[in-house]
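*Asks:*
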Amino acid sequence: MSDFTIHPDSPWLAPLAGYSDLPFRLLAKRHGCGACCSEMVSVKGLAYKNSGTRRLIATCPEDDPMVLQLFGAEPDFFGPVMDKLVGLDFRNFDLNAGCPVRKVVKSGSGARLMEDPDKLVRIASIMVEKAALHPKGGRVGVKFRLGYDKGDDTYLDLARRLEDAGADWVTLHPRYGRQLFAGRADWAKLALLKKAVSIPVIASGDLFTAADGVRCAEQTGVDAVMFARGALYDPSIFARYTALRRGEELPPPDGAHLAAIVREHIRLTKEYEGDDRSFRKIRSIIPRYAKGLKGIRALRGSLLACRSWEDLEKAAAVISEMEPADGLPAPAAVDDVCQ
Ligand SMILES: Cc1cc2nc3c(=O)[nH]c(=O)nc-3n(C[C@H](O)[C@H](O)[C@H](O)COP(=O)(O)O)c2cc1C
153 MSDFTIHPDS PWLAPLAGYS DLPFRLLAKR HGCGACCSEM VSVKGLAYKN SGTRRLIATC
213 PEDDPMVLQL FGAEPDFFGP VMDKLVGLDF RNFDLNAGCP VRKVVKSGSG ARLMEDPDKL
273 VRIASIMVEK AALHPKGGRV GVKFRLGYDK GDDTYLDLAR RLEDAGADWV TLHPRYGRQL
333 FAGRADWAKL ALLKKAVSIP VIASGDLFTA ADGVRCAEQT GVDAVMFARG ALYDPSIFAR
393 YTALRRGEEL PPPDGAHLAA IVREHIRLTK EYEGDDRSFR KIRSIIPRYA KGLKGIRALR
453 GSLLACRSWE DLEKAAAVIS EMEPADGLPA PAAVDDVCQ
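All residue numbers for the sequence shown refer to our numbering, where the first residue is 153 and numbers rise by one.
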């Protein structure tokens with residue numbers, strides 16, 4: 153795994169459980185993404201060699217630099233798992249301290265860790281210490297929210313402590329844990345965080361379009377932006393963003409553009425996974441790309457009838473002929489994308 157720079161002109165793909173798998177990360181890289189995060193992976197699952205987690209850490213040279221995101225609440229699990237991962241040549245890591253979903257917070261992981269900053273910093277310190285054992289030196293970031301309860305702004309203190317503990321970057325999604333995805337991300341807090349620490353700060357939250365990314369970088373002074381739901385609709389958001397930073401606007405995505413992306417996504421899924429499970433998964437994902445186009449119902453129906461990869465490619469090809477629906481799709485709601 154190689155090194156990477158954290159820079160406003162190098163946009164990131166966010167960790168997205170159920171979505172930022174190897175084929176999607178490769179797709180994002182081909183469309184201008186600078187660094188991709190994996191889906192969150194349970195440190196306990198890795199410790200117990202759970203077969204599902206093996207799939208979550210699948211990677212390949214083209215995936216490089218990939219940032220492997222871990223979640224867990226028990227510091228003792230992190231040391232041995234990090235030793236194993238570093239031995240497997242993983243070099244860039246992230247700690248999930250922002251996920252608010254019930255099954256994660258009920259074990260004290262994700263955003264719940266923000267309620268126990270001592271433990272959070274202890275886990276991050278273990279990760280930093282172990283990542284440093286990589287022959288080329290490893291790097292560790294932490295992704296968090298403003299705090300767990302509304303108004304409980306613990307993020308600035310936490311970020312300073314993480315900097316002291318040797319974290320290489322921090323990523324802030326400026327909402328509270330209890331807020332889930334309601335309301336708006338408070339970008340002003342990103343600017344405050346940027347002033348509070350000297351390690352790089354990465355922005356996440358309500359970056360639905362390339363223009364959102366450019367505005368956020370300009371308004372907050374962050375070191376990089378991270379696209380999440382915006383990339384699920386159109387993975388070329390990364391190239392659009394870097395073009396816009398140069399003052400160029402790429403043409404908006406039409407049916408032909410989206411059909412090419414779908415073809416690429418199917419091909420990468422077939423090449424890197426290729427089993428029944430990945431077939432069903434990509435079949436359910438394709439309609440998301442056609443969200444702003446007319447005829448999505450018929451598309452869903454024909455996809456459901458597909459039984460082979462060839463059928464899938466043929467059914468998806470109709471996207472290139474689909475006309476834009478009236479108005480743009482609403483920003484992806486979490487319910488839309490969460491499985
Ligand atoms: C379906 C879905 C899965 C997510 N999975 C993760 C995850 O595994 N780890 C994580 O730190 N954040 C996760 N997030 C949060 C995103 O990385 C990001 O911080 C959040 O969506 C805000 O960005 P956006 O408003 O631009 O989408 C997830 C979000 C969504 C919608």
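Just so you know, even glycine gets a beta-carbon here, dropped at the ideal spot from N, CA and C.
Model, not experiment: these values are computed from the prediction.
#1: Fully enclosed by the region 168 to 220, which alpha helix (DSSP H) runs are 4 residues long or longer?
#2: Please report how far the alpha carbon of Pro-167 lies from the alpha carbon of Gly-262, in whole angstroms.
#3: For ligand 1, is there a heavy atom less than 8 Å away from the beta-carbon of Tyr-393?
#4: Please return the same chain residues whose Cβ sits closer than 6 Å to the Cβ of Gln-221, not counting the five positions on each side in sequence.
#5: Could you tell me which of Arg-274, Ala-477, Thr-372, Asp-268 sits nearest to Leu-342, measuring between CA atoms?
#6: Taking only the alpha-carbon atoms, compute the straight-line gap between Leu-285 and Thr-394 and give it to the nearest angstrom.
#7: Could you check whether Gly-453 and Met-474 sit closer than 9 Å to each other, using their CB atoms as the reference points?
#8: Using only alpha-carbon positions, find the residue among Leu-359, Met-266, Ser-162 that is nearest to Leu-308.
#9: Contact between the region 351 to 360 and the region 318 to 335 is defined here as three or more beta-carbon pairs at a separation below 8 Å; is this criterion met?
#10: Would a C-beta distance cut-off of 9 Å place Asn-244 and Gly-318 closer than the cut-off?
#11: DSSP state of Arg-243, grouped into three classes?
#12: What whole-angstrom Cβ distance do Val-273 and Arg-312 have, given they're in contact under 8 Å?
#13: How long is the line joining the alpha carbons of Gly-365 and Asp-301, rounded to whole angstroms?
#14: Return the Cβ separation of Tyr-171 and Leu-384 in integer angstroms, given the expectation that the two are a contact with Cβ distance under 8 Å.
#15: Taking only the alpha-carbon atoms, compute the straight-line gap between Asp-487 and Arg-381 and give it to the nearest angstrom.
#16: If you measure from the CB of Ala-337, is any heavy atom of ligand 1 nearer than 8 Å?
#17: Do you know how far the Cα of Arg-435 is from the Cα of Gly-260?
*Replies:* Taking the definition as stated:
#1: 174 to 182, 195 to 199, 203 to 208
#2: 13 Å
#3: no
#4: Pro-167, Cys-189, Ser-190, Met-192, Asp-246, Asn-248
#5: Thr-372
#6: 34 Å
#7: no
#8: Met-266
#9: yes
#10: no
#11: coil
#12: About 10 Å separates the two Cβ atoms, so there is no contact after all.
#13: 27 Å
#14: 6 Å
#15: Any answer about Asp-487 is weak, because its pLDDT of 41 lies below 50 and its placement is not dependable; what the coordinates show is given next. Each residue's Cα considered, the two are about 11 Å apart.
#16: yes
#17: 34 Å
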